[in-house]
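Undergrad: Chains P and B, in that order, are what the protein sequence lines are. Residue numbers 13 to 212, in this note's numbering, belong to the letters of the first sequence in order. Residue numbers 10 to 185, in this note's numbering, belong to the letters of the second sequence in order. Have a look at this one.
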Amino acid sequence: MREETPFDRPEFDRPEIDTLIDEALGTYADADSGIEQRVMARIAARQTSAPRFRWMVWAGALTAAACLLILMLLMHRRTPRSPVANAFNTAPMQEPPKAEARFEPRTVRRRNGLPHHARAEVAVGKFVAERLPKRDVFPTPRPLSPAEQVLVDFAARAPKAEREAFVDHQEQASGPIAIAAIRVTPLQIPPLEPPNTGSN
Amino acid sequence: MASGEEAEFTALVQRQSRFVFRVAYAVLLNVADAEDVVQETFLKLYRNSGWQKIENERAFLARVVWRIAVDRRPRAAESAKSAYADADDLPDAPSPQPGPEQILLAADRHTIVHSMIDALPEQLRLPLVLSAYDELNSREIGRVMGIPEGTVRTRLQRARQLLRQKLGAREEAHYA
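If you want it as structure tokens, here you go:
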């Protein structure tokens with residue numbers, strides 16, 4: 013006859029153990045009382061602490077925006093001319109037309125050729141410099157200098173004879189210089205007397 | 010958040026905080042860490058208002074808290090638990106001589122079962138704890154843990170089998 017084991021007793025049969033496991037599972041990891049209040053208290057604490065630091069976020073954003081604005085202004089600022097260049101540049105010069113940059117938008121397309129969704133479409137593009145207008149005369153004509161202005165007045169007012177004389181004079185001045193042939197007369201050197209050969 | 014939503018959220022916390030705690034504890038096996046995870050879970054829900062759209066509250070919460078707890082679980086604890094990765098390494102039955110554990114067994118058998126559940130590998134422990142709630146079936150447990158439904162059933166059977174063996178051995182030793 014088999015000896016009786018504890019599992020043969022009615023209180024230790026399998027259903028009893030299963031019941032014990034189920035009961036233990038029901039009380040497994042039972043939280044301490046008041047966990048609900050602690051959770052809500054923590055959420056409330058976070059909620060009240062949030063506005064305290066919200067102004068710091070705004071302050072940081074404003075500072076960043078100001079820095080960006082200053083940086084953009086500095087980048088677009090014109091480079092000042094040097095004082096030496098200003099001193100020599102007495103004649104009023106006509107300001108040459110400057111190339112202006114304009115924004116040329118373009119639509120981004122995927123590699124497979126399908127366009128992005130309308131929301132995802134981003135206005136991208138590049139700044140393209142406008143081309144300078146083509147001039148008929150190169151170099152660009154400048155205003156006359158005072159000496160040139162005097163010459164023009166002279167040509168307009170002086171009689172024809174004086175103008176021709178002036179032109180001849182200019183041609184002579186700019187023509188080749190005529191130099192007379194140089195004649196060098198040979199030197200007349202008398203023959204030397206023989207040395208005195210006296211007997212002493 | 011409006012006062013109505015505030016009240017709903019408070020009711021959600023009242024309903025589910027203990028369940029969330031159990032899931033967190035089943036992963037971390039530490040009361041303080043588990044409570045931190047509970048608070049973090051509800052705080053996350055409160056911030057993104059995701060709790061208003063959920064259909065199955067417990068399945069959703071179990072998934073959220075399980076992920077947070079797994080992220081928080083220290084590696085040291087994980088390596089310590091890996092010692093129990095083999096189910097045969099569960100705490101053995103006590104010696105026939107009456108000892109403190111046997112006295113404790115007589116006093117509170119539930120506590121002993123709890124310590125045995127703690128000693129189970131996490132892959133067996135978590136399905137067992139989640140299955141203690143009628144609302145979560147094997148399919149939902151599988152979705153929480155990212156494993157097939159059949160695997161959940163196998164693990165549940167294996168966990169219960171191990172607990173039965175160890176409890177039987179303890180009872181036998183106690184009455185020997």
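Idealized CB from N, CA, C, for every residue including glycine. Predicted model, so just to flag it, every value in this text is computed and none were measured.
Check each candidate in B/R56, B/F18, B/S58 and name the one with the smallest Cα separation from P/Q49.
TA: In the first sequence, counting from the first residue as 1, residue 49 of chain P sits at position 37. Per the Cα distances, B/F18.
Undergrad: In angstroms, rounded to a whole number, what distance separates the CA positions of B/A96 and B/L171?
TA: Against the second sequence, residue 96 of chain B aligns to sequence position 87. Against the second sequence, residue 171 of chain B aligns to sequence position 162. Confidence at B/A96 is low in this model, with a pLDDT of 46, below 50, so the placement of that residue should be treated as unreliable; the coordinate-derived value is given next. Those two C-alpha atoms are separated by around 8 Å.
Undergrad: Given that B/S26 touches chain P, what residues does it touch there, using C-beta distances under 8 Å?
TA: As a working note, residue 26 of chain B is residue 17 in the second sequence. What B/S26 touches in chain P: A43, I47, E48, V51.
Undergrad: Kindly list, in the order they appear in chain B, the residues whose Cβ is closer than 7 Å to that of P/T39.
TA: As a working note, residue 39 of chain P is residue 27 in the first sequence. Under the 7 Å cutoff, chain B gives H119.
Undergrad: Quick one: residues in its chain with C-beta nearer than 8 Å to the C-beta of B/R72, no 5 flanking neighbours on either side, listed in chain order?
TA: Residue mapping note: residue 72 of chain B aligns to position 63 of the second sequence, counting from 1. Hits under 8 Å: R152, V153.
Undergrad: Using a Cβ-Cβ cutoff of 9 Å, what residues of the stretch 137-160 of chain B are near chain P? List them in chain order.
TA: Taking 9 Å as the Cβ-Cβ cut-off against chain P, the residues of the stretch 137-160 of chain B that qualify are L137, V138, S140, A141.
Undergrad: For B/L137 versus B/I126, is the C-beta spacing smaller than 8 Å?
TA: What you label residue 137 of chain B is simply residue 128 of the second sequence in a count that begins at 1. What you label residue 126 of chain B is simply residue 117 of the second sequence in a count that begins at 1. Cβ atoms of B/L137 and B/I126: closer than 8 Å.
Undergrad: I want to verify the contact list: residues of chain P whose CB lies under 7 Å from the CB of B/V22, in sequence order.
TA: By one-based count along the second sequence, residue 22 of chain B stands at place 13. Residues of chain P passing the Cβ test: E48, V51, M52.
Undergrad: Starting from the C-beta of B/E158, find all residues in its chain whose C-beta is less than 7 Å away, skip the five residues before and the five after it, and write them out in chain order.
TA: Along the second sequence, one-based indexing puts residue 158 of chain B at 149. Correct list, in chain order: S147, R148, G151.
Undergrad: Are the stretch 61-75 of chain B and the stretch 23-34 of chain B touching, with three or more C-beta to C-beta distances below 8 Å?
TA: With a cut-off of 8 Å, the stretch 23-34 of chain B and the stretch 61-75 of chain B count as touching, because enough Cβ pairs lie within range.
Undergrad: In chain P, which residues lie less than 8 Å from B/I63 when you measure between Cβ atoms?
TA: The sequence position of residue 63 of chain B within the second sequence is 54, counting from 1. Going along chain P, no residue has its Cβ under 8 Å from B/I63, so there is no contact; the nearest lies around 17 Å.
Undergrad: Show which residues of chain B have a CB atom less than 9 Å away from the CB atom of P/A36.
TA: Along the first sequence, one-based indexing puts residue 36 of chain P at 24. Those within 9 Å of P/A36 in chain B are R118, H119, T120, I121, V122, H123, M125, I126, L172.
Undergrad: Can you say whether B/W60 is buried or exposed, counting buried as having 16 or more other CB atoms within 10 angstroms of its CB?
TA: On the second sequence, position 51 is the one that residue 60 of chain B refers to. Classification for B/W60: buried.
Undergrad: When Cβ atoms are compared, which residues of the stretch 36-59 of chain B fall closer than 8 Å to chain P?
TA: The stretch 36-59 of chain B vs chain P, Cβ under 8 Å: V40, A43, E44, V47, Q48, F51, L52, Y55.
Undergrad: What's the C-alpha gap between P/A185 and P/A177?
TA: Sequence index remark: in the first sequence, residue 185 of chain P carries index 173 (1-based). Sequence index remark: in the first sequence, residue 177 of chain P carries index 165 (1-based). Answer to the nearest angstrom: the Cα atoms are 12 Å apart.
Undergrad: What does B/R169 reach in chain P if we use C-beta pairs closer than 7 Å?
TA: The residue you call residue 169 of chain B lines up with position 160 of the second sequence. Within 7 Å Cβ-Cβ: I33.
Undergrad: Does P/K146 come out as helix, strand or coil in the three-state DSSP assignment?
TA: Position 134 of the first sequence holds residue 146 of chain P. Here P/K146 sits in coil by DSSP.
Undergrad: For B/Y142, I'd like the list of residues in its chain whose CB is within less than 8 Å of its CB, leaving aside the five on either flank, ordered along the chain.
TA: Stepping through the second sequence from its first residue, residue 142 of chain B is reached at position 133. For B/Y142, where only same-chain residues beyond five positions count, the Cβ hits under 8 Å are F28, R67.
Undergrad: Given that B/F30 touches chain P, what residues does it touch there, using C-beta distances under 7 Å?
TA: The residue labelled residue 30 of chain B in the question sits at position 21 within the second sequence. Near B/F30 (Cβ distances below 7 Å), the residues of chain P are A41, A43, I47.
Undergrad: Can you check whether the C-beta of B/T19 is within less than 8 Å of a C-beta belonging to chain P?
TA: Position 10 of the second sequence, counting from 1, holds the residue named residue 19 of chain B. Yes, contact with chain P.
Undergrad: With a threshold of 7 Å on Cβ separation, who are the neighbours of B/V79 within its own chain once the five nearest residues in sequence on each side are excluded?
TA: Within the second sequence, the letter at position 70 stands for residue 79 of chain B. Excluding positions up to five away in sequence, the list reads V36.
Undergrad: Just to make sure I have the definition right: I need the residues of chain B whose C-beta is within less than 7 Å of the C-beta of P/I55. Which are they?
TA: As a first step, residue 55 of chain P is located in the first sequence; it is residue number 43 there, counting from the start. Those within 7 Å of P/I55 in chain B are F51, L52, Y55.
Undergrad: For the alpha helix (DSSP H) that contains B/R76, what are its first and last residues?
TA: On the second sequence, residue 76 of chain B is found 67 positions in, with the first residue counted as 1. Its alpha helix (DSSP H) spans residues 66-81.
Undergrad: Taking 8 Å as the threshold (C-beta atoms), are B/R164 and B/L133 in contact?
TA: The residue given as residue 133 of chain B occupies position 124 in the second sequence. The residue given as residue 164 of chain B occupies position 155 in the second sequence. Yes, they are a contact pair.
Undergrad: Go ahead and pull the three-state DSSP assignment for P/E15.
TA: For this step, residue 15 of chain P is matched to residue 3 along the first sequence. The pLDDT assigned to P/E15 is 48, lower than 50, so where the model puts this residue is not dependable; a value taken from the coordinates is nonetheless given after this. Three-state DSSP puts P/E15 in coil, outside helix and strand.
Undergrad: What residues of chain B sit near P/R58, judged by a beta carbon separation below 7 Å?
TA: Here residue 58 of chain P refers to the residue found at position 46 of the first sequence. Those within 7 Å of P/R58 in chain B are L52.
Undergrad: Report yes if the CB atom of B/L139 is closer than 8 Å to the CB atom of B/A168, and no otherwise.
TA: By 1-based counting over the second sequence, the position of residue 139 of chain B is 130. By 1-based counting over the second sequence, the position of residue 168 of chain B is 159. Cβ atoms of B/L139 and B/A168: not closer than 8 Å.
Undergrad: Give the range of the alpha helix (DSSP H) segment to which P/E205 is assigned.
TA: As a working mapping, residue 205 of chain P is identified with position 193 in the first sequence. Looking at the DSSP string, P/E205 is not in any alpha helix (DSSP H), and its letter there is neither H nor E.
Undergrad: Could you work out which residue in B/L21, B/S124, B/E14 is closest to P/A36 when comparing CA atoms only?
TA: Taking the first residue of the first sequence as position 1, residue 36 of chain P is located at position 24. Closest option to P/A36, Cα to Cα, is B/S124.
Undergrad: Can the beta-carbon of P/V51 be found closer than 8 Å to that of B/Q48?
TA: On the first sequence, residue 51 of chain P is found 39 positions in, with the first residue counted as 1. On the second sequence, residue 48 of chain B is found 39 positions in, with the first residue counted as 1. Yes, these two residues count as a Cβ contact at 8 Å.
Undergrad: Just to check my reading of the structure: B/G177 and P/I29 have Cβ atoms closer than 8 Å, yes? What is that Cβ distance to the nearest angstrom?
TA: Numbered from 1 along the second sequence, position 168 holds the residue referred to as residue 177 of chain B. Numbered from 1 along the first sequence, position 17 holds the residue referred to as residue 29 of chain P. The Cβ separation is near 7 Å, so the contact holds.
Undergrad: Compute the Euclidean distance between the alpha carbons of P/E40 and P/W70, then round it to the nearest angstrom.
TA: In the first sequence, residue 40 of chain P corresponds to position 28, counting from 1. In the first sequence, residue 70 of chain P corresponds to position 58, counting from 1. The amino acid occupying residue 40 of chain P in the given sequence is Tyr; Glu does not appear at that position. One C-alpha to the other measures close to 47 Å.
Undergrad: Could you round the C-beta distance between B/I77 and B/V46 to whole angstroms and report it? I think they count as a contact, below 8 Å.
TA: Along the second sequence, one-based indexing puts residue 77 of chain B at 68. Along the second sequence, one-based indexing puts residue 46 of chain B at 37. Contact flag correct, Cβ pair sits at about 5 Å.
Undergrad: Just to confirm, is the Cβ distance from P/R58 to B/L54 under 8 Å?
TA: Counting from 1 along the first sequence, the entry for residue 58 of chain P is found at position 46. Counting from 1 along the second sequence, the entry for residue 54 of chain B is found at position 45. Going by C-beta atoms, P/R58 is not nearer than 8 Å to B/L54.
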